[in-house]
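Some notes on the structure that comes next.
Numbering (the working numbering), first residue to last: 269 to 1036.
See below:
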């Protein structure tokens, strides 16, 4: 191994045909940059010089470093070389705005006698106009990428040095064409709307994902040359091939998606009309134009689910929620009954399938499409409401417990119990947990006022509250002026026929979905029909730091930030502990520790991944953000505020994980229902055919969909961090510095998520 490492570092190949042109380009650029620097210092600063020479350094690194000789024996190294040539080198060089400096840096005779006439040739002008359009540029980029990954051509380039140079030349050319439209180096001006860059980059990311997945999951070597090459660093051909795919997947996705963090804010900024473009408004008094009227105009412009045919009247029907709750209560009864008296084999028991596959899958889809609909349909509330007719429910919830610390601790306890006792494979335990929820809801809300169980205790509710911050709908008032004139405030106080909000959310001052169960009590209590289920910009809750009724400001809720971190990092830990490599490692560690070893190993893993690592990562990010940006806030306050930017990454991981089990195990419910029906004497459903439900296979598109979900989660998290930074510091440079440490943490989570999804995962409800 030491001999291999020494040989690697001695394998630099400083070829003159590569080094000399790079030095020449550097000299030409320096001449032009120096001349422009004196005349246009605002455009051609030191950053442009650094970008350009960073690109040249990357180019040299890819072709004269040990990457070049190692590329012939290791596909993973060859992949790094290709990514440097197609992504890093063109992107950095274009960021240096080289067009004008390179022209100005040339000797006058060469520039005027050769270069300018060539650039004015009709064919050159035609090609330049054609290649600076999104569709041709993207087609060229994708075509070159896939063409040279065809096994025959790839092997040909590895065997023949001339074809290898042609391959590298085409990679460079396609990369320069692709990234030219993204960077738009001065003085280039796009001839197409900038928003087209969003599908442009997403399309590139999707094709990158498909090709990377092909490399990761191929059962045999795709390229004969590597199968015959000597093995280095004790890696097999398949391992090397999978590593190359993972590098392409993670690094490629990052390169395509990070530019969106710059593009999206500029699009939102350009969408807002400038003050100069607007006519001067005539002075008006507050009696003419109030904030309530502004909010009312916004409310009328927002879609309202209550206005939809069929759905709207049903949601507004006073007994609509009761019907949903009764349905879920029936499902819960089936789970409890089958879990207690049915066969204790998860794949054939309703308690092993319904809660852990279907319910969780429908929850994340409901949150993504509408909002907190499963709190609306919560079955625990029906017996709880019935019991409150006889129970006092007159005590106030203890002041010290009016935080999310208890809920965060219960969530952590649930994650630990889920893994330690394999709750997903224990129908009997699942049934008792469900009964425990019913009991807790009845006792807590039967003793204390309001919905203390929902607001401060229920772990399921806390999961819904946090994820619903990304939902596209919220319960909100339509016109604030109507609320201002209202004397009864029935939405919070209630009336003779309808109780008010039990979670202390006063509608005129309510912001977003935090702590909202979508119970619609305020809708039914409002005498003016002024509360609707209105559309909202998904994730806008996360960067909105207004004071919220019943919640306060996010920046002052350290307990809420802790709950966010438990759910975000818990998403990755919950998925990772189900993968074969992690499960095997924990099993081996547990065996080494003795009889209590498995429990100790699982406990240590969860505490490390859900408590220690989040605390360390968030602390470093907060301190780094404060130092780099000059944020005057305390590190704890910064950590609290920016923690909410991690919610989209956590939600993306939950979606990717639950989507896998939901799709793969969906049809496992029918045989279990047939078995349950036979057990209670109902024969109309037929005889279960277990192989149909217990031998599910992963659909081809699953991994691509999971990675796309992580891609979107990363982009939304980065954009959220940017929006939060805008409220704390001024200046683009300081904003970027504030976001940078958090971006590193998000990228680390993204890479971890991809690595987890690439591992074989245990099934739920589809095998014995």
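Don't be surprised by glycine CBs; every beta carbon is placed ideally from N, CA and C.
These numbers come from a predicted model, not from an experiment.
- Bounds of the beta strand (DSSP E) holding residue 742 are 741-745.
- Collapsing the DSSP output to three states places residue 1006 in a helix.
- Classified as exposed, residue 487 has fewer than 16 neighbouring CB atoms from the shown chains inside 10 Å of its CB.
- In this structure residue 1024 touches residue 840 by the C-beta definition: roughly 7 Å separates them, less than 8 Å.
- Ranked by how close their Cα comes to the Cα of residue 749, the residues 577, 775 and 290 have 775 in first place.
- Listed as beta-bridge partners of residue 816 by DSSP are 820.
- Looking at the DSSP output, residue 801 shares a beta bridge with 743.
- Cβ-Cβ distances below 8 Å link residue 703 to 604 in the same chain, with the five nearest sequence neighbours on each side left out; the list follows chain order.
- Fully contained in the segment 643-699 is no beta strand (DSSP E) run of length 3 or more.
- With fewer than 16 other beta carbons inside 10 angstroms of its own, residue 689 counts as exposed.
- The Cβ atoms of residue 483 and residue 512 lie closer than 7 Å to each other.
- The criterion of a C-beta distance shorter than 7 Å is satisfied by residue 833 and residue 911.
- Counting along the chain, residue 605 sits inside the alpha helix (DSSP H) bounded by residues 588-609.
- Looking only at 907, 764 and 866, the smallest Cα-Cα distance to residue 824 is reached by 907.
- Residue nearest to residue 815 within the set 973, 780, 968 and 977 is 780 (criterion: CA-CA distance).
- Taking 7 Å as the cut-off, the beta carbon of residue 602 is found closer than this to the beta carbon of residue 618.
- About 3 Å separates the Cβ atoms of residue 320 and residue 364, confirming a contact at the 8 Å cut-off.
- Restricting attention to alpha helix (DSSP H) runs no shorter than 4 residues, the segment 443-509 encloses them at 465-485 and 492-496, ordered along the chain.
- Here the alpha carbon of residue 586 sits roughly 20 Å from the alpha carbon of residue 756.
- Remark: C-beta atoms of residue 665 and residue 720 approach each other more closely than 7 Å.
- Beta bridge pairing from DSSP links residue 1029 with 847.
- When rounded, the separation of the alpha-carbon atoms in residue 760 and residue 741 is 20 Å.
- In this structure, the straight-line span from the alpha carbon of residue 525 to that of residue 416 is close to 23 Å.
- Between the segment 400-413 and the segment 429-444, the count of Cβ pairs shorter than 8 Å is three or higher; the stretches touch.
- Bounds of the alpha helix (DSSP H) holding residue 921 are 915-933.
- Residue 428 sits in coil when the DSSP states are folded into three classes, being neither helix nor strand.
- The criterion of a C-beta distance shorter than 7 Å is not satisfied by residue 884 and residue 1005.
- One alpha carbon belongs to residue 296, the other to residue 393, and they sit about 24 Å apart.
- Residue 442 is not a Cβ neighbour of residue 391, given a cutoff of 7 Å.
- Bridge partners of residue 572 according to DSSP: 802.
- DSSP, read as helix, strand or coil, puts residue 716 in strand.
- Where residue 320 is concerned, the enclosing alpha helix (DSSP H) starts and stops at 314-332.
- Just so you know, the alpha carbons of residue 453 and residue 370 end up roughly 13 Å apart.
- Here DSSP, grouped into helix, strand and coil, assigns residue 864 to coil.
- For residue 372, the enclosing alpha helix (DSSP H) stretches over residues 367-373.
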